[in-house]
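K.L.:
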Amino acid sequence: MAGETNLEKLLASMEPSLRDGDFVFATVPGKSVPPGLNPIGTFIEDEGLTLILPAGEAEALAASGPMRCITLAVHSSLDAVGLTAAFATELTAHGISANVVAGYYHDHIFVGAGEAERAMAALKALSGRYR
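In the working numbering, the protein residues as written are -6 to 124.
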């Protein structure tokens, strides 16, 4: 099933939702997930394996501060142009840092745990301007 590519349609229907719980970006050497860890995302880098984990699983790892995950509930095509730029620009205007992970179906935006509600409000306002 192909995702949406029209930027205005994507912005109008992106419906951000805040996932429960705090997450962290952590790193481990090598390319394998250590036993007992249940990442929601991974990425192999030259320096090691990046893991996106529930915050409680990363106590003994080098990790970021707590983050919340906002999922854009619109099936955006991986070929869509401008969606990431549009929401990143909006969050930037509000002084909110964003770490974006694109899945096959949705974009997932990780923001500092203390910024999650402000980020949700900014993204909803952005979407509302296109409805």
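All residues carry an ideal CB built from backbone N, CA and C; glycine is no exception.
1) P32 and L46 look like a contact to me (Cβ under 8 Å); what is the Cβ gap, rounded to whole Å?
2) In whole angstroms, give me the CA-to-CA distance for F18 and L119.
3) Report all residues from its chain with a CB closer than 6 Å to the CB of E1; omit the five preceding and five following residues, and keep chain order.
4) Exposed or buried, what is E110 when buried is set at 16 or more other beta-carbons lying within 10 Å of its beta-carbon?
5) For G14 and A48, I'd like the C-alpha separation in whole angstroms.
6) Helix, strand or coil for S120? Go by DSSP, reduced to three states.
7) How should A112 be labelled, buried or exposed, when 16 other C-beta atoms within 10 angstroms of its C-beta is the threshold for buried?
8) Report the residue from L54, V94, G29, E(-3) whose alpha carbon sits nearest the alpha carbon of V21.
9) If you count every other CB in all the chains shown that lies within 10 Å of the CB of L116, and 16 or more means buried, which is it?
10) What is the DSSP secondary structure of A95, counted as helix, strand or coil?
11) So L42 and G23 are supposed to be a Cβ contact under 8 Å. How far apart are they, rounded?
12) Nearest-angstrom Cα distance between I89 and A81?
13) What's the C-alpha gap between A79 and T85?
P.N.:
So, to answer that:
1) 5 Å
2) 27 Å
3) Y123
4) exposed
5) 8 Å
6) helix
7) buried
8) L54
9) buried
10) strand
11) 6 Å
12) 9 Å
13) 10 Å
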